[in-house]
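There are 2 protein chains.
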Amino acid sequence: MSNYEQRLDVDLGDRSYPIYIGEGVYAETNHYKEAIPGRQVMVVSNETVAPLYLEQTLNALADFDVATCILPDGEQYKTLEMVNRIYSAMLEQRFTRQSTLVALGGGVIGDMTGFAAATYQRGVHFIQVPTTLLAQVDSSVGGKTGVNHPLGKNMIGAFYQPRLVLADTATLRTLDDRQFASGLAEVIKYGLIVDEPFFSWLEEHMDGLLARDPELLAYAIQVSCRCKADVVEADEKEAGQRALLNLGHTFGHAIETGMGYGEWLHGEAVATGMCMAADLSCRLGWMPQQDFDRTVQLIERAKLPITPPRALTPERFLELMAVDKKVMDGKLRLVLMNKIGQSLVTDDFDLKKLEQTLQHYAD
Amino acid sequence: MSNYEQRLDVDLGDRSYPIYIGEGVYAETNHYKEAIPGRQVMVVSNETVAPLYLEQTLNALADFDVATCILPDGEQYKTLEMVNRIYSAMLEQRFTRQSTLVALGGGVIGDMTGFAAATYQRGVHFIQVPTTLLAQVDSSVGGKTGVNHPLGKNMIGAFYQPRLVLADTATLRTLDDRQFASGLAEVIKYGLIVDEPFFSWLEEHMDGLLARDPELLAYAIQVSCRCKADVVEADEKEAGQRALLNLGHTFGHAIETGMGYGEWLHGEAVATGMCMAADLSCRLGWMPQQDFDRTVQLIERAKLPITPPRALTPERFLELMAVDKKVMDGKLRLVLMNKIGQSLVTDDFDLKKLEQTLQHYAD
Chain B
1 MSNYEQRLDV DLGDRSYPIY IGEGVYAETN HYKEAIPGRQ VMVVSNETVA
51 PLYLEQTLNA LADFDVATCI LPDGEQYKTL EMVNRIYSAM LEQRFTRQST
101 LVALGGGVIG DMTGFAAATY QRGVHFIQVP TTLLAQVDSS VGGKTGVNHP
151 LGKNMIGAFY QPRLVLADTA TLRTLDDRQF ASGLAEVIKY GLIVDEPFFS
201 WLEEHMDGLL ARDPELLAYA IQVSCRCKAD VVEADEKEAG QRALLNLGHT
251 FGHAIETGMG YGEWLHGEAV ATGMCMAADL SCRLGWMPQQ DFDRTVQLIE
301 RAKLPITPPR ALTPERFLEL MAVDKKVMDG KLRLVLMNKI GQSLVTDDFD
351 LKKLEQTLQH YAD
Chain U
1 MSNYEQRLDV DLGDRSYPIY IGEGVYAETN HYKEAIPGRQ VMVVSNETVA
51 PLYLEQTLNA LADFDVATCI LPDGEQYKTL EMVNRIYSAM LEQRFTRQST
101 LVALGGGVIG DMTGFAAATY QRGVHFIQVP TTLLAQVDSS VGGKTGVNHP
151 LGKNMIGAFY QPRLVLADTA TLRTLDDRQF ASGLAEVIKY GLIVDEPFFS
201 WLEEHMDGLL ARDPELLAYA IQVSCRCKAD VVEADEKEAG QRALLNLGHT
251 FGHAIETGMG YGEWLHGEAV ATGMCMAADL SCRLGWMPQQ DFDRTVQLIE
301 RAKLPITPPR ALTPERFLEL MAVDKKVMDG KLRLVLMNKI GQSLVTDDFD
351 LKKLEQTLQH YAD
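Chains B and U supply the protein sequences, listed in that same order. Counting along the first sequence from 1, when you hit position 99 you're at 99 in the UniProt record's numbering, and nothing is skipped either side. Counting along the second sequence from 1, when you hit position 235 you're at 235 in the UniProt record's numbering, and nothing is skipped either side.
Below, the structure is given as structure tokens:
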């Protein structure tokens with residue numbers, strides 16, 4: 001067992017579960033044994049991740065009846081059709097309600113596998129082994145599962161909690177630089193929305209994180225999951241506080257949808273979206289200029305984009321933002337900031353300032 | 001308002017909801033107003049039901065922004081593809097999380113619309129207007145939603161509660177005789193599993209029910225929903241007691257699957273399944289012969305089949321029963337009876353007796 005193994009408990013009553021973080025946690029047989037009640041297990045992965053980590057996962061699951069389902073890799077495959085492939089594989093193997101799905105991969109595999117687990121025979125057991133930084137700090141907590149629809153991102157889904165999450169820092173070494181930076185965007189987000197000291201820690205240790213120091217990574221993952229768990233535990237169904245987690249996401253989804261899924265990585269779109277939210281917060285006189293500068297600088301140091309693609313006009317941005325899930329009865333709600341570490345959800349802001357932000361960034 | 005209007009409350013904590021039963025309840029504007037929190041409403045119906053009842057439904061919803069989605073009619077259309085049509089219609093109309101889906105139709109429309117409501121943006125509001133007897137006494141309570149998969153019936157789905165159910169006896173007059181009898185199968189089931197006095201009442205009033213007397217119907221629907229609500233309230237996620245509701249269903253699903261969806265109606269298959277469960281209960285020495293005779297006689301009086309199709313061999317039956325959702329880790333669990341009104345879920349029975357029942361019925 002690694003020196004860095006840490007356990008974090010997500011407290012959701014009878015749906016509580018542990019997250020283990022560290023080197024080698026995904027290969028630990030005991031973690032699976034504690035969490036899997038039946039014998040039937042299916043590992044769902046993709047063509048990129050399976051060659052790297054499937055064998056060791058299957059070794060750790062040697063005591064169970066294990067099947068696998070390997071899907072193509074990419075956000076463009078986050079579809080109902082791929083979920084249907086998981087259903088078919090399970091039905092062909094006569095999987096019962098007592099079976100367990102293990103998601104081995106990034107956010108796409110996690111979201112689809114979770115949705116399959118939520119809806120196969122109205123719910124089977126679910127374990128997440130996120131292999132990207134983004135999935136480790138984002139999908140590990142919150143119970144959001146689902147797929148994209150041609151008319152909108154993440155439009156189909158369910159809230160469904162895993163029984164166990166294994167976030168292994170070893171799997172981050174094989175991530176390409178863009179994917180890694182994309183995960184850092186969400187890490188920075190937690191600092192921005194609720195945790196100024198963590199934001200300062202990130203400013204101090206960004207170089208070590210970019211070098212993928214496992215101890216620094218384990219700490220950053222743990223604080224990120226803790227921040228998200230605090231918000232989610234307080235508000236499981238996103239009535240209020242939970243929406244803070246969407247900082248940068250309304251702008252970001254517009255970028256992702258406008259460019260077609262897969263052109264921009266999720267974290268890249270969120271990174272630029274956070275810059276735009278900071279810009280708007282500044283224009284409204286809420287966030288100090290200095291905090292805006294620190295925000296943009298840290299995002300840029302994490303090798304993330306700080307401006308949207310030129311192809312998007314302000315009009316197109318607004319149009320894309322209006323089908324976002326965070327619109328309540330036609331009013332546009334955004335996550336904005338009073339300062340680093342203090343954010344709010346509001347539809348009470350001057351729309352002209354939003355137009356100025358869009359003009360500034362998208363013209 | 002009708003003389004027969006009755007209100008039944010299904011008590012599920014913060015997901016409790018009322019069922020209104022009687023003549024004309026689906027056309028009452030106030031029922032909708034009490035239950036719909038936003039402005040966006042989509043009525044989902046099918047090509048058979050819409051010409052009969054859509055106009056009055058839309059009149060009752062005149063104060064909302066209403067769209068419609070009309071699907072083809074039939075169990076063979078209870079698919080993920082049709083649910084995807086509902087998603088597309090909602091996305092094209094820019095439906096938000098605050099929107100409401102109204103299911104106007106039988107069990108297929110109710111199950112699919114409920115599943116769409118459970119999974120559109122991870123959950124929107126849901127109202128059921130069941131227009132068949134089967135849907136009124138079965139789908140009104142329990143929160144089961146979902147679709148079929150080519151490899152198995154009801155294999156994809158979610159538990160999701162409506163905010164309101166309107167069970168209108170007026171809509172039963174346009175039901176064809178087979179559909180109507182299919183609903184009576186489930187009504188008889190409640191007598192068999194938990195309510196001997198109701199079973200006796202049914203023996204006494206079967207002729208009036210077959211003549212579709214609205215007052216008798218309203219009473220039968222109300223008792224049926226009450227029986228089901230009692231079982232479901234005690235055990236929302238089907239850990240134990242709830243499985244009693246599956247009396248006749250394991251045999252019945254084998255008939256439905258074996259014949260291909262749509263050949264036998266659900267209630268017809270359940271009716272025969274209940275006869276087979278009663279036969280097995282008798283062979284095990286649990287149910288008295290006299291109760292078996294009363295069971296078969298009442299089912300036959302309701303114009304329901306009491307023997308399975310000849311095409312199914314005992315071997316095929318067993319094979320089909322083994323993929324049923326009610327199999328726990330390979331052991332076959334069935335709902336059987338000690339007598340009329342007293343049933344149990346068990347995997348502790350002599351499999352030879354099951355083979356005798358299958359030989360008797362399917363050879």
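Quick reminder that beta carbons are idealized off the backbone N, C-alpha and C, glycines included.
Query - Test item: CB-CB of S88 (chain B) and H125 (chain B) under 9 Å - result: Cβ distance not < 9 Å, so S88 (chain B) and H125 (chain B) don't count as in contact.
Report task. Write down the C-beta distance between P308 (chain U) and K339 (chain U) rounded to the nearest angstrom, noting that I regard them as a contact closer than 8 Å. Result -> Contact flag wrong, Cβ pair sits at about 24 Å.
Query raised in the report: For M155 (chain U), which residues in chain B fall below 8 Å Cβ to Cβ?
Result: Y87, L91, Y120, Q121, listed in chain order.
Query raised in the report: Rounded to a whole number of angstroms, what is the C-alpha to C-alpha distance between V232 (chain B) and Q93 (chain U)?
Result: Taken atom to atom, the span from the alpha-carbon of V232 (chain B) to that of Q93 (chain U) is near 30 Å.
Query raised in the report: When the distance is taken between beta carbons, is A118 (chain B) closer than 9 Å to A158 (chain B)?
Result: Yes; because the gap between Cβ atoms is below 9 Å, this pair is in contact.
Requested in this report: Starting from the beta carbon of A158 (chain U), find every residue of chain B whose beta carbon is closer than 7 Å, and list them in chain order.
Outcome: By Cβ distance, chain B contributes A118, T119, R122, A158.
Query raised in the report: Looking at chain U, which residues of the stretch 64–81 of chain B have a Cβ within less than 7 Å of any of its Cβ atoms?
Result: Taking 7 Å as the Cβ-Cβ cut-off, the stretch 64–81 of chain B approaches chain U at L80, given in chain order.
Requested in this report: Verify whether the separation of the beta carbon atoms of T68 (chain U) and V147 (chain U) is less than 9 Å.
Outcome: No, the pair does not count as a contact, with Cβ atoms beyond the cut-off.
**Report entry** Neighbourhood of A50 (chain U) by C-beta, 7 Å cutoff - its chain only, sequence neighbours within 5 removed
**Finding:** Closer than 7 Å at the Cβ level, and outside the excluded window around A50 (chain U), lie I70.
Query raised in the report: Thinking C-alpha only, which one of B:V108, B:I36, B:R85 is nearest A62 (chain B)?
Result: Considering only alpha carbons, the answer is B:I36.
Query - First and last residue of the uninterrupted beta strand (DSSP E) at R94 (chain B) - result: First-last for R94 (chain B): undefined, no H or E at that position.
Requested in this report: Mind listing the chain U neighbours of G152 (chain B)? Cutoff is C-beta to C-beta under 7 Å, in chain order.
Outcome: When 7 Å is used as the limit between beta carbons, G152 (chain B) is near these residues of chain U: L91, in chain order.
**Report entry** Counted within 10 angstroms of its Cβ, other Cβ atoms place L8 (chain B) as buried (16 or more) or exposed
**Finding:** L8 (chain B) sits buried, since 16 or more C-beta atoms from the chains shown fall within 10 Å of its C-beta.
Query raised in the report: Below 9 Å between beta carbons: does that hold for E105 (chain B) and V25 (chain B)?
Result: Looking at the sequence provided, one finds Gly at residue 105 (chain B) rather than Glu. At the C-beta level, G105 (chain B) and V25 (chain B) stay beyond 9 Å of one another.
Report task. Output yes or no for whether 9 Å exceeds the beta carbon distance between T272 (chain B) and L320 (chain B). Result -> It is not a contact, given that the beta carbons lie outside the stated cut-off.
Query raised in the report: Smallest Cα separation from P18 (chain U): which of U:S140, U:M82, U:L58, U:L312?
Result: Comparing Cα-Cα distances from P18 (chain U) to each of U:S140, U:M82, U:L58, U:L312, the minimum goes to U:S140.
Query raised in the report: Is there a Cβ from chain U that is less than 9 Å from the Cβ of G248 (chain B)?
Result: Cβ-Cβ to chain U under 9 Å: no for G248 (chain B).
Query raised in the report: According to DSSP, which residues form a beta bridge with L164 (chain B)?
Result: According to DSSP, which records beta bridges pairwise, L164 (chain B) is partnered with B:I127.
Query - For F317 (chain B), the first and last residue of its enclosing beta strand (DSSP E) - result: Element bounds for F317 (chain B): not the beta strand (DSSP E) but the alpha helix (DSSP H), 314–321.
Report task. Could you pull out every residue in the same chain whose Cβ sits closer than 7 Å to the Cβ of M82 (chain B), ignoring the five residues on either side in sequence? Result -> L71, M112, listed in sequence order.
Query raised in the report: Secondary structure at residue 373 (chain U), three-state DSSP: helix, strand or coil?
Result: Residue 373 (chain U) falls outside the range modelled here, since chain U spans only 1 to 363, and no answer is possible.
**Report entry** Beta-carbon neighbours of E149 (chain U), restricted to chain B and to distances below 9 Å
**Finding:** The question names Glu, but residue 149 (chain U) is His in the sequence shown. Below the 9 Å Cβ cutoff, chain B contributes N84, Y87, S88, L91 as neighbours of H149 (chain U), in chain order.
Query raised in the report: Under the three-state reduction of DSSP, which class applies to F292 (chain B): helix, strand or coil?
Result: Note: F292 (chain B) maps to helix in three-state DSSP.
Query raised in the report: Ordered along the chain, which non-local residues of its own chain (more than five positions away) have a Cβ less than 8 Å from that of A311 (chain B)?
Result: Non-local C-beta neighbours of A311 (chain B) in its own chain, meaning closer than 8 Å and more than five positions away in sequence, comprise G258, M259, ordered along the chain.
Report task. Specify, as a first and last residue, the run of the alpha helix (DSSP H) that G146 (chain U) falls within. Result -> G146 (chain U) -> not in any alpha helix (DSSP H); beta strand (DSSP E) instead, spanning 144–149.
Report task. Determine the chain U residues that contact K331 (chain B) at a beta-carbon separation under 7 Å, and present them in chain order. Result -> By Cβ distance, chain U contributes nothing, its closest Cβ being about 10 Å from K331 (chain B), past 7 Å.
Query - Unbroken beta strand (DSSP E) run spanning L71 (chain B), endpoints - result: Per DSSP, L71 (chain B) belongs to the beta strand (DSSP E) from 65–71.
Query raised in the report: At which residues does the beta strand (DSSP E) containing V25 (chain B) begin and terminate?
Result: Per DSSP, V25 (chain B) lies in no beta strand (DSSP E) and is assigned neither H nor E.
Report task. Let me know the secondary structure DSSP gives F349 (chain B) once reduced to three states. Result -> Coil at F349 (chain B), not helix or strand.
**Report entry** Residues that G191 (chain B) contacts on chain U, provided the C-beta gap is smaller than 8 Å
**Finding:** Taking the beta carbon of G191 (chain B) as reference, no residue of chain U falls within 8 Å; the closest one sits roughly 27 Å away.
Report task. Using a Cβ cut-off of 8 Å, pull out every chain B residue sitting near K353 (chain U), in sequence order please. Result -> Chain B residues near K353 (chain U): none, gap ~24 Å exceeds 8 Å.
Query raised in the report: Measuring CA to CA, which of U:E300, U:P305, U:L334, U:R163 is closest to S281 (chain U)?
Result: Nearest C-alpha to S281 (chain U): U:L334.
**Report entry** Coil, strand or helix - D231 (chain U) by DSSP
**Finding:** It should be pointed out that residue 231 (chain U) corresponds to Val in this sequence rather than to Asp. Here V231 (chain U) carries a helix assignment [DSSP, helix/strand/coil].
**Report entry** Nearest-angstrom beta carbon gap, R85 (chain B) and Q121 (chain B) [assumed within contact, 8 Å]
**Finding:** Beta-carbon to beta-carbon, Q121 (chain B) and R85 (chain B) are separated by about 16 Å, too far to satisfy the 8 Å threshold.
Report task. Measure the C-alpha to C-alpha separation of G123 (chain U) and I109 (chain B) and round it to an integer number of angstroms. Result -> Looking at the backbone, the Cα of G123 (chain U) and that of I109 (chain B) are separated by about 21 Å.
Query raised in the report: With a Cβ-Cβ cutoff of 9 Å, do T131 (chain B) and L58 (chain B) count as a contact?
Result: Not a contact, by the Cβ cut-off of 9 Å.
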